[in-house]
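If you read the sequence shown in the working numbering, its first letter stands for residue 23, the second for the next number, and so on. Here the structure comes first, spelled out in structure tokens, and everything after it is commentary.
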Amino acid sequence: MAKTIIVKQIGSPIRRPASQQRTLIGLGLNKMHRTRELEDTPSIRGMVNSIPHLVQIVEEKG
């Protein structure tokens, strides 16, 4: 079974650069307090690490 992480949006994309807004949409997030379960890959980790003020990793599975 592949490792997964649960990512929660904790910050608003309003008044943020367009690249940060696109990163949120790429993660499948666009509204406050939503969560997504994503595969734990280096590209997903890089996206999460590029916007640590907007998202947090809630749980790591696998």
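Every residue, glycine too, gets a C-beta built ideally from N, C-alpha and C.
* Asked: Going by the CB atoms, is the gap between residue 32 and residue 78 shorter than 7 Å?
  -> yes
* If you draw a straight line from the C-alpha of residue 46 to the C-alpha of residue 59, how long is it? -> 14 Å
* Are the beta-carbon atoms of residue 42 and residue 66 separated by less than 7 Å? -> no
* **For residue 71, the nearest candidate out of 84, 53, 57 and 49 (CA to CA)** => 49
* So, using beta-carbon positions, are residue 30 and residue 84 closer together than 7 Å? -> no
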